[in-house]
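Asks: What follows is a structure written as structure tokens; I'll ask about it next.
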Amino acid sequence: MKTVNSISCVVVDDEFPAVKLLADYVQRSSGLELLLKTTSALEALGFINDNQVDLVFMDVQMPELSGMELMNIIKNSGTKVILTTAYTDYAVAGYEQDVVDYLLKPITFERFLMSVNKARARISNEKAITMQSQVATPLYIFLKSEYRIQKVSLASIQYIEGLGDYINLHTTTGKILSLERMKNIEETLPPSFLRIHKSYIINIDQIDFIEKGRIIINKEYLPIGDSYKEKVKHHLGL
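Position one of the sequence shown corresponds to residue 1185 (this note's numbering), numbered consecutively onward.
And the structure:
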């Protein structure tokens, strides 16, 4: 059974001794799980199509499908590829296909582990990005206003004005005054909100235009503080 952090692997090479060697390397390596070892590129293709495979060690020259052909077929599966071959001719073509690494036979265990570490880093990074993208963006916040807790739609907020221990939310339906500090509210807001001044946080989606160091929202001219200019430029891609 695949553990949470293990990397599932397939080994495919038309020469059985090469398959045996790489399969042995996989089984000796911590954090790797061998799902299939085969001399058939077609069998490997069918297995990858039907199962979640993180990494495939793939020979370049095979009779049924070449490694390049197989790699092109599975390129949208998310499976990472480490090419194995006795020839250096395919190195450039392999890297153009965004392979993790290129192992030249005879493959030592040390060189194998170096490739695995590259694959582990690539897979971990992509999983982290996927998890971040799947985090749901909140649709509203709750703020104390006078003697009640006010539910405020984030999409309705045009900008937030800091007034000492209070904040004033300028929304599409009016203003909401709340006993809250700017720093605290800033930490709860999604990336669509940007602090442009010690006294202003804006909703990027509500910007009308930018002019002479000011951001205009609903005919209000909001200054960009000197210490925030670089951050604003970077965040807005200016």
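Each residue gets a CB set at the ideal place from its N, CA and C atoms; glycine is no exception.
Are the beta-carbon atoms of residue 1206 and residue 1229 separated by less than 7 Å?
Replies: Cβ distance not < 7 Å, so residue 1206 and residue 1229 don't count as in contact.
Asks: When we look at the beta-carbon of residue 1416 and count the other beta-carbons within 10 Å, is it buried (16 or more) or exposed?
Replies: Residue 1416 is buried by the Cβ-count criterion.
Asks: In whole angstroms, give me the CA-to-CA distance for residue 1199 and residue 1247.
Replies: The alpha-carbon atoms of residue 1199 and residue 1247 are separated by roughly 11 Å.
Asks: Among 1213, 1209 and 1231, whose alpha-carbon lies nearest the alpha-carbon of residue 1219?
Replies: Residue 1231 is the option with its Cα nearest to residue 1219.
Asks: Only counting runs of 4 or more residues, tell me where the alpha helix (DSSP H) segments fall wholly within the region 1352-1419, in order along the chain.
Replies: DSSP runs (the alpha helix (DSSP H)) wholly in the region 1352-1419: 1366-1372.
Asks: Apply the 10 Å Cβ neighbour rule to residue 1324 and answer buried if 16 or more other Cβ atoms are within range, or exposed otherwise.
Replies: The residue in question, residue 1324, is exposed, as its Cβ has fewer than 16 Cβ neighbours within 10 Å.
Asks: How about residue 1400 and residue 1392: are their beta carbons less than 7 Å apart?
Replies: Yes, the Cβ-Cβ distance between residue 1400 and residue 1392 is below 7 Å.
Asks: Can you grab the Cα-Cα spacing for the pair residue 1209 / residue 1227, in whole Å?
Replies: Taking the straight line from one Cα to the other gives about 21 Å.
Asks: What is the DSSP secondary structure of residue 1226, counted as helix, strand or coil?
Replies: Of the three classes helix, strand and coil, the one that applies to residue 1226 here is helix, per DSSP.
Asks: Whole-angstrom Cβ separation of residue 1438 and residue 1300, contact assumed at under 8 Å?
Replies: Nothing can be reported for residue 1438, as the shown portion of the chain is limited to 1185 through 1422.
Asks: Keeping to the same chain, check which residues put their C-beta closer than 8 Å to that of residue 1190; ignore five residues upstream and five downstream.
Replies: Cβ neighbours of residue 1190 beyond the five flanking positions: 1215, 1216 and 1217.
Asks: Alpha carbon to alpha carbon, how far is residue 1331 from residue 1343? Give it in angstroms, no decimals.
Replies: Approximately 23 Å between the Cα atoms of the pair.
Asks: Take residue 1130 as the anchor and find which of 1329, 1405, 1380 and 1296 has the nearest alpha-carbon.
Replies: The first residue shown for the chain is 1185 and the last is 1422, placing residue 1130 beyond what the model contains.
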